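In the numbering used here, the protein residues as written are 599 to 724. Notes follow the structure.
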Amino acid sequence: SAMIQSIVQPNAITFNAGISACEKGGQWEKALQLFKLMERSKIEADIITFSAAISACEKGEALQVFGSMGDSKVNADTITCEVATSAFERGDVWEKALQLFNELVLSEVRPNTISCNAAISACEKG
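Take a look at the structure:
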């Protein structure tokens with residue numbers, strides 16, 4: 599059959615689905631592997647990619663993924679910052695959670711309730 603013979607070419611949508619599935623399954627290492635494979639494959643990450651990868655990762659890995667946004671054409675939005683602040687808070691990287699929250703307050707991206715709660719929770723840990 600033609601369907602069996604065809605090969606699906608990976609793209610941002612297929613990578614995003616894989617990263618999200620890894621996140622939901624608690625497989626942050628595999629999510630990070632997919633994220634890095636996407637970069638090596640020269641497939642451009644989008645806001646969904648970054649949000650899913652940050653959400654999947656723990657501690658320093660979330661910092662690494664969030665930091666790589668600066669190298670891309672993708673600008674952080676409220677959701678990405680919410681996910682990053684929450685990931686930093688969960689990963690006991692409370693200083694980074696507060697730093698990101700402060701940057702949000704000074705930027706065009708406005709923190710939402712979840713970001714505010716994560717920043718408060720990070721303060722409790724600090």
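Here a beta-carbon is modelled for each residue, glycine too, at the ideal position from N, C-alpha and C. Everything numeric in this text was worked out from a predicted model, so none of it was measured.
Got a sec, what are the start and stop residues for the alpha helix (DSSP H) residue i sits in?
{"i": "methionine 636", "result": "626-638"}
{"i": "isoleucine 646", "result": "645-654"}
{"i": "glutamine 607", "result": "Run containing glutamine 607: none; DSSP gives neither H nor E here."}
Are residue i and residue j close, meaning C-beta to C-beta below 8 Å?
{"i": "glutamate 659", "j": "serine 713", "result": "no"}
{"i": "isoleucine 646", "j": "asparagine 614", "result": "yes"}
{"i": "threonine 678", "j": "serine 719", "result": "no"}
{"i": "threonine 676", "j": "arginine 638", "result": "no"}
{"i": "phenylalanine 633", "j": "valine 663", "result": "yes"}
{"i": "cysteine 721", "j": "leucine 698", "result": "no"}
Under a three-way DSSP split, which group does residue i fall into?
{"i": "lysine 671", "result": "coil"}
{"i": "arginine 688", "result": "helix"}
{"i": "valine 707", "result": "coil"}
{"i": "lysine 723", "result": "helix"}
{"i": "glycine 623", "result": "coil"}
{"i": "isoleucine 641", "result": "coil"}
Run the CB neighbour count on residue i, radius 10 Å, all protein chains shown included, and call it buried at 16 or more, exposed below.
{"i": "alanine 629", "result": "buried"}
{"i": "alanine 654", "result": "buried"}
{"i": "lysine 694", "result": "buried"}
{"i": "glycine 616", "result": "buried"}
{"i": "glutamate 642", "result": "exposed"}
{"i": "leucine 635", "result": "exposed"}
{"i": "glutamate 627", "result": "exposed"}
For chain C, check one thing: does any of its Cβ atoms lie closer than 8 Å to the Cβ of residue i?
{"i": "alanine 654", "result": "Among the chains of the structure shown, chain C does not appear; only one protein chain is present."}
Pop quiz: residue i and residue j are said to be a contact at Cβ under 8 Å. What is the actual Cβ separation, rounded to whole angstroms?
{"i": "alanine 651", "j": "threonine 683", "result": "Going by Cβ atoms, the distance from alanine 651 to threonine 683 rounds to 15 Å, so no, they are not a contact pair."}
{"i": "valine 691", "j": "leucine 661", "result": "6 Å"}
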